[in-house]
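Numbers -26 to -1, 1 to 103, taken from mature numbering (1 follows the signal peptide of the UniProt record, and there is no 0), label the letters of the sequence shown in order.
C-beta: ideal position from N, C-alpha, C; glycine also.
A quick write-up on the structure given underneath.
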Amino acid sequence: MAHQSLYLLFLVVLSSISSHVIQVEGRHLLDATLPDLPIGLPKPELPTLPMPNLPLPQPGLPTLPMPNLPLPQPGLPTLPMPNLPLPQLPNPQLPPLPKPELPLPMPELPKPQLPLPQLPIPSPPLPSP
């Protein structure tokens, strides 16, 4: 953040110095190129030019011709319709499907039995006398 403010300060100082140098150089050039006029001679004056009298255009909206309403709709060209007989299409016939034979009944399979592990049942501790 500090670099930006220093850069801005540097830019302001440099621009003010350069504008001052330009003004000094301009004054020096004016002093060097214009000779001192003697006191008795009149100072030159700029001629006065007549003010031109130009006609100013009046502000306003341009007028457009109103269209005739309703607007005619353009028609599409009509082509003659040929009178051709429609071709006869044959009826599609599906081939006969064979009748599926029923399968034989499934034989009953024995269900496998998994042996359950026998876990020892812990007995509660006996009270001590």
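- The C-alpha of L83 lies about 60 Å from the C-alpha of Q62.
- Rounded to the nearest whole angstrom, the CA to CA distance from Q47 to P41 is 14 Å.
- The three-state secondary structure of S(-9), taken from DSSP, is helix.
- For L4, the secondary structure class from DSSP, reduced to helix, strand or coil, is helix.
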